[in-house]
Amino acid sequence: MLGDDSAMPPDLGSLVPADAPVMLIDPRGEAVPHDTYALPSGEALLAAYGALTLSRRVNDQASALVRQGRLAVYPSSHGQEACQVAAAQVLTADDWLFPTYRDTAALVTRGLDPVEVLVLLKGDWHCGYDPYAHKVAPQATPLATQLPHAVGVAHAARLKGEPTVVMALCGDGATSEGDFHEALNFAAVFRAPVVFFVQNNQYAISVPLARQSAAPSLAHKGVGYGVPGIRVDGNDAAALLAVLGAAVARARDGGGPQLVEAHTYRIQAHTNADDASRYRDDDEVGAWLERDPVTRLEAYLTGRGLLTPERAAAGARRADEVAAAMRAGLSRDAEPDPDQLFAHVYATPTPQLVAQAALIADELGRETGD
Amino acid sequence: MLGDDSAMPPDLGSLVPADAPVMLIDPRGEAVPHDTYALPSGEALLAAYGALTLSRRVNDQASALVRQGRLAVYPSSHGQEACQVAAAQVLTADDWLFPTYRDTAALVTRGLDPVEVLVLLKGDWHCGYDPYAHKVAPQATPLATQLPHAVGVAHAARLKGEPTVVMALCGDGATSEGDFHEALNFAAVFRAPVVFFVQNNQYAISVPLARQSAAPSLAHKGVGYGVPGIRVDGNDAAALLAVLGAAVARARDGGGPQLVEAHTYRIQAHTNADDASRYRDDDEVGAWLERDPVTRLEAYLTGRGLLTPERAAAGARRADEVAAAMRAGLSRDAEPDPDQLFAHVYATPTPQLVAQAALIADELGRETGD
Amino acid sequence: MTDVEKLTMGQALNRALRDAMAADGSVVVFGEDVGPLGGVFRITDGLTAEFGEARCFDTPLAEAGIVGMAVGMAMNGMRPVVEMQFDAFAYPAFEQVVSHVAKMRNRTRGRVTLPMVIRIPYGGGIGGVEHHCDSSESYYAHTPGLHVVAPSSAADAYGLLRAAIDSSDPVVFLEPKKLYWSREEVALDAGVPGFGTAVVRREGTDATLIAYGPSVPVALEAAALAAQEGRSLQVVDLRTIVPFDDDTVCEAVRSTGRAVVISEASGFASVSSEIVARVTERCFHSLAAPIRRVTGLDIPYPPPKLEAFHLPGADRILDAVDDLQWEES
Amino acid sequence: MTDVEKLTMGQALNRALRDAMAADGSVVVFGEDVGPLGGVFRITDGLTAEFGEARCFDTPLAEAGIVGMAVGMAMNGMRPVVEMQFDAFAYPAFEQVVSHVAKMRNRTRGRVTLPMVIRIPYGGGIGGVEHHCDSSESYYAHTPGLHVVAPSSAADAYGLLRAAIDSSDPVVFLEPKKLYWSREEVALDAGVPGFGTAVVRREGTDATLIAYGPSVPVALEAAALAAQEGRSLQVVDLRTIVPFDDDTVCEAVRSTGRAVVISEASGFASVSSEIVARVTERCFHSLAAPIRRVTGLDIPYPPPKLEAFHLPGADRILDAVDDLQWEES
Ligand SMILES: Cc1ncc(C[n+]2csc(CCOP(=O)(O)OP(=O)(O)O)c2C)c(N)n1
Ligand SMILES: Cc1ncc(C[n+]2csc(CCOP(=O)(O)OP(=O)(O)O)c2C)c(N)n1
Ligand SMILES: [Mg+2]
Ligand SMILES: [Mg+2]
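Sequence lines, in order, name chains A, B, C and D. Just so you know, we're using full-length UniProt numbering here: the first sequence kicks off at 1 and counts up by one. Just so you know, we're using full-length UniProt numbering here: the second sequence kicks off at 1 and counts up by one. Just so you know, we're using full-length UniProt numbering here: the third sequence kicks off at 1 and counts up by one. Just so you know, we're using full-length UniProt numbering here: the fourth sequence kicks off at 1 and counts up by one.
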């Protein structure tokens, strides 16, 4: 009977995450069997490893550039790279990625030039890349606000009959914002092909998860929307590839949205401007260092003989090249062009903006004596 | 280990609502046994019955006053009265009630004068009663915005060591708003003594529940906050008293918030201004009329010999009196007093407001020839 | 051979949506109750029936979600037209509007554009309770990156909404709800007016009334009354608040040397402040008296029984005109 | 025998919070990262340690929730002081601010009052990326029912924050983040200044610069430069935007006959528009030239490398002063 939902069967089984996060390779690099998810192919894992080492290098190079004053600020994802690599790797070229300020590694894995990505943090412009070139939205700063956008892109794709899946990233803290709620609900009601991927790195700046939520896990938030929730070891690239890959496949097949929570850790402070010693112990960081996603996958691949010294060396070379390109690209200081201030506010600048632009041009003209 | 929540035990059992809503008296007025909840005392049920008949009368009188043009608009809770009566009845005088525009019946049950309550809908002022007199917040119009306020009142009470419990009401549609999410999360994290009570009347104006949420039930939304969710038959006053009473007791004992969803139905259109025939069938309404909360409780009480003809007559008299007082109170048209416009914006009006008030006074002076 | 029909503003808006949807398959309409119900003001009446659920649909009840989803759909090739049910119920979407809708083109240097319209029934004068009568134009007009439009007539409502939907930039489209039922002849094929063109609604020589949206009919009423008393008032209708038509407004004010700005919104730090400021900056030496404002009071929107004191009425406008220091000229 | 200390504005704010919390047990501080971390700008540093978790605590990450919870706590006898981490991150709370914080007293005819303070680090000039540099005062100043305060010095920051916490009405307290590190002597026992009293920061006879918050030091810098060129500029600091001190500002402007309004916010429909409009309305015949504005451009806040073009600087102010039609006087 329409208008009476009291008998609605609570199909809970499919919504509630399992008790333990999915893990396919343990911290020592040993494969662990799993009922639902199979280990990805060696090829996929090698690709992930390449992206992981590159991402680590990009993170650390960017942090170094901040120390040298060549970047204003950098929110490093050191320790979380497996999440970001997997999020990008499971997508096709036609899919969309919606990243946050911390997801540089996902963007680099998707193929974006780190120099373009870091334009934001260098302070040259708000977004340095063309979002359509790789189907990557601008990195979102206002927390959770990108999630409804992701739903919109996905819903539009469905209306147009396109097989696009959208991967929408956010942090543990961002799950508390109203926009998280509204986005998950819209996605569920419209069965939009979105994978909501929460990198639970245990902190929102200084606020630990226990002060952020009293839920059994963040993945449990899916239940209230009718969205399946899944927990995954966020430092296990293999598990991430398997879980996110399955979620993307399900979404593409019309199965609707999923919520994936990765348990990981932010090894560095929130940004270089943050002082993490005010709110957490070194011991805690140390314990997580032992679960490092790069060494874990390396141990596995080496143990299986999949990662040859040649391959490892090639990966390191590529990381070197990218880091060098970052150093070069970010030391060039383009002459700031004030015309840019007015050129993109509207398709056609309003008369008001034209007048203001003329004013600035006049000031500059006087300065340079034109 | 702090900073690692991946092993957090999902204590789901206490969070997930049971498959069927709690029912203690069936639509024909027969008691049905329940594992957890006992039938309230005859006295409590008789009190509920008195409040129910009064509430029904207030609803129908208010609707009539709208037809006569003495009220601008009225969102009737005809059919939902059991929810509202129970929500008020389970509170002590020190508790707080946070109602919406549709919760006139809850306010009347709490002891407010319907004439004061209807000041809003008559158009005289935004809130006609003193919120502190009965610890009832102003009826909220912007959906879900009152829920964080309820959390604040509850948290302040806890900080002050007061045993206050807060009953926060909202509709099914309002659960989609970001404020619902933020309020439940805050309440859970701070273990604030709030009972969130959703009257799921199947519609948000024209939008049926199925377009509002894909969750197994709205009570399942509690899971994602670590807040126990409970479903209850919203037309069964006995079940509502039992469930809400237990939730209030638990909150008072420091057990934290709960989310209660009542399954009920909005028999009238959204307001008199709405045309429900555009989005639902008479059949649907008819089916729900058979579950009427007033006749259900009446059948039970009569069957048990608890409701004597004298008692029923006394209740009807009281309802007559209140209805008559409403007619009288709402036909008085107070002279609108423009000074009121400026008197309450700030404790001390700004010089700007003083000047504006003088301007209006001057206009009026000229009109009346003062 | 123009196609002229007599329509209320509500009907004209409905026609604009229908015609835009028929002309362009990427136009989609969504929001609260806009589907089968046709919106609480019936502006979207019949659209779901005519174009199907994919083109006009109800959403869950969450304004930030609605605007945010529109951003995403616009990013992916659609032209969303969303409805906020009442002015104050657009506030939950404020962050989406200010931090994304207004900034996406600029953020991406024109690579991502957001051709979307946010329709907001706005303003008072209908006896609505709290939160149903706000004049929120100043919030939007102050936010660079948005176009802000407020029609004052059925014909403009049609033309400007078509223009808004055609625009490649986001438009906050403010519909004066008290004018929804006002009727006039609408030329449906008159072509789409450009944004940023104010119009002189009534010629006059003594003083200029500057108004937009719901205040235009009030200004015209005041001008008609003034004419009976021998005073000739010119009435300018802004039509679009952003972009602002300095040329038309300043030319008008210079021609009379006196001006009154009229707006329902509270005056402090508002669109009406801006009009006074910018016109004075430009026309200072043509002014015989300081420009006066007749606006809503600096108070929360009052309850129905008191709204008449708050809203600019013809009398208050005429008082302000009387104050324009006539003796000195 | 005054208690004078040399403090930065950030330290002065921290002291104001500490002193208020010590003086009144109902003052509570909460928000994002305000607890153990002491806030990203360290304004709440040490408060949790000194007063305990019940008095200063972190919340989940949700601004509407923070402001909404503050409303409820204020209803129940507390004096909440909440922090929005940066200007643009207050927008999610906009509905709570406009529809409840600003309206609760009026709605209940003074029965429910909301003695609460919303602290917002605001404005630019620190090389912050997008969303971290908005000047959002106009949104709040346009909303009746709020007090809006913006200190320009450490001493005022201390006194005005104490006054804000003492106020029985809600205050939006805008902290110019670029001034957090500017240091000066602060008399901690100087008593709490009343809202609505602007102050003349520098005497001058040729023209009046009207500024508030982050723009006051810039105005003073311009005045100092002008003095070298033989032009005597007066500088008025509003201190509170709402209520507005018409008397002080108008007296100042009448004394010089010329004025420039300075503000970082985009100019259109802003507080600076209001200042021009209301001062012109009141001082029209004392003005030798129209009041000029030097404001942020009507563009989204630019990236760090370009913010210098956007922000009012001393040179631009002096250009505006030069434009005040001196030849004609
Ligand atoms: C709406 C909003 N509020 C506040 C902030 C300030 N802020 C930036 S990052 C951050 C913490 C985010 O934590 P989380 O979501 O866990 O992501 P993480 O930084 O850990 O990756 C905060 C509070 C913001 N960017 N947006
Ligand atoms: C923030 C907000 N958005 C929109 C509205 C307009 N509105 C009033 S009632 C309503 C439907 C509410 O449905 P529900 O929460 O189920 O409560 P019910 O009216 O059924 O009791 C809507 C959309 C509003 N009041 N507030
Ligand atoms: Mg985090
Ligand atoms: Mg409902």
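Think of the CB as a built atom: it goes at the ideal place given N, C-alpha and C, for glycine as much as any other residue.
Practice task
Go ahead and label A/Y132 buried or exposed: buried means 16 or more other beta carbons lie within 10 angstroms of its beta carbon, across all protein chains shown.
Solution key: exposed
Handout entry: Sequence-distant residues of the same chain with beta carbon closer than 7 angstroms to A/Y279, five excluded per side
Key = S206
Practice task
Report, in whole angstroms, the separation of the C-beta atoms of A/H149 and C/M75, which I expect to be a contact under 8 angstroms.
Solution key: In this structure A/H149 touches C/M75 by the C-beta definition: roughly 7 angstroms separates them, less than 8 angstroms.
Exercise for the section: Determine the direct distance from the alpha carbon of D/V235 to that of D/C250, and round the result to whole angstroms. Expected result: 12 angstroms
Practice task
Identify which residue in A/L91, A/C127, A/T271 has its Cα closest to the Cα of C/R105.
Solution key: A/C127
Practice task
For B/D282, verify whether its CB is less than 6 angstroms away from any heavy atom of ligand 3.
Solution key: B/D282 Cβ: outside cutoff for every heavy atom of ligand 3.
Handout entry: Length at least 4, wholly inside the segment 60-102 of chain B: the alpha helix (DSSP H) runs in chain order
Key = Runs of the alpha helix (DSSP H) lying entirely within the segment 60-102 of chain B, each at least 4 residues long, are 81-89 in chain order.
Practice task
Note down, in chain order, every chain C residue with its Cβ under 7 angstroms from the Cβ of D/P290.
Solution key: T280, E281, F284
Handout entry: Test item: CB-CB of B/L39 and B/A51 under 7 angstroms
Key = no
Handout entry: 8 angstroms Cβ shell around A/D94 - same chain, five flanking residues per side excluded
Key = K135, E162, P163, T164
Handout entry: 7 angstroms Cβ cutoff, C/G204 in contact with chain B
Key = no
Exercise for the section: Output yes if chain G places a C-beta closer than 7 angstroms to the C-beta of C/P60; else output no. Expected result: Included in the structure are the protein chains A, B, C and D, with no chain G among them.
Problem - ligand 3 heavy atom lying under 6 angstroms from the CB of A/G173 - result: For ligand 3, at least one heavy atom lies less than 6 angstroms from the Cβ of A/G173.
Problem - Proximity to A/T302 [Cα-Cα], best of A/Y49, A/L12, A/L24 - result: A/Y49
Practice task
Would you mind sorting A/A187 into buried or exposed? The rule is 16 or more other CB atoms within 10 Å of its CB.
Solution key: buried
Problem - Buried or exposed (CB count within 10 angstroms, at least 16 for buried), A/S277 - result: A/S277 counts as exposed, since fewer than 16 other beta carbons sit within 10 angstroms of its beta carbon.
Handout entry: 7 angstroms Cβ cut-off: residues of chain A touching C/S136
Key = In chain order: nothing, as chain A lies at least about 20 angstroms away.
Exercise for the section: Report the residue from A/K122, A/Q202, A/T104 whose alpha carbon sits nearest the alpha carbon of A/Q139. Expected result: Among A/K122, A/Q202, A/T104, the Cα nearest to that of A/Q139 belongs to A/T104.
Problem - Heavy atom of ligand 1 within 6 angstroms of A/L143 beta-carbon - result: yes
Problem - Proximal chain A residues relative to C/P144, where beta-carbon distance stays under 7 angstroms - result: The answer, in chain order, is V345.
Handout entry: Counterpart residues of D/T295 in DSSP-defined beta bridges
Key = D/S263
Problem - Residues that C/C56 bridges to, as DSSP identifies them - result: Looking at the DSSP assignment, C/C56 forms a beta bridge with C/V29.
Problem - Straight-line Cα distance separating B/R296 from B/Q84 - result: 16 angstroms
Handout entry: Proximity test, Cβ basis, 7 angstroms: A/T141 and chain D
Key = yes
Problem - Inter-residue CB distance, C/E175 and C/L13 (contact presumed, cutoff 8 angstroms) - result: 7 angstroms
Exercise for the section: Select from D/G191, D/V192, D/A207, D/A157 the residue whose C-alpha is nearest the C-alpha of D/R183. Expected result: D/A157
Practice task
Taking the CB atoms as reference points, tell me whether D/A226 and D/I262 lie closer together than 7 angstroms.
Solution key: Result no, Cβ atoms of D/A226 and D/I262 do not sit closer than 7 angstroms.
Handout entry: Three-way DSSP call (helix, strand, coil) for D/C133 in this model
Key = coil
Handout entry: Buried or exposed by the 16-neighbour rule on C-beta atoms within 10 Å, applied to D/S273
Key = buried
Handout entry: Any C-beta of chain A under 7 angstroms from that of D/P121
Key = no
Handout entry: A/L364 to A/P336 span [Cα, whole Å]
Key = 12 angstroms
Problem - Burial state of B/W288 (16 or more Cβ within 10 Å) - result: By the Cβ-count criterion, B/W288 is buried, with 16 or more other Cβ atoms from all chains shown falling within 10 Å of its own Cβ.
Problem - Within-7 angstroms CB hit, A/P138 to chain C - result: A/P138 has a beta carbon lying within less than 7 angstroms of a beta carbon in chain C.
Practice task
Buried or exposed for B/T368, please, with buried defined as at least 16 other CB atoms from any protein chain shown within 10 angstroms of its CB.
Solution key: exposed
Practice task
Report yes if the C-beta of B/I205 is less than 6 angstroms from at least one heavy atom of ligand 2; otherwise report no.
Solution key: yes
Problem - Of the listed residues B/D19, B/V16, B/L45, nearest to B/A242 (C-alpha basis) - result: B/L45
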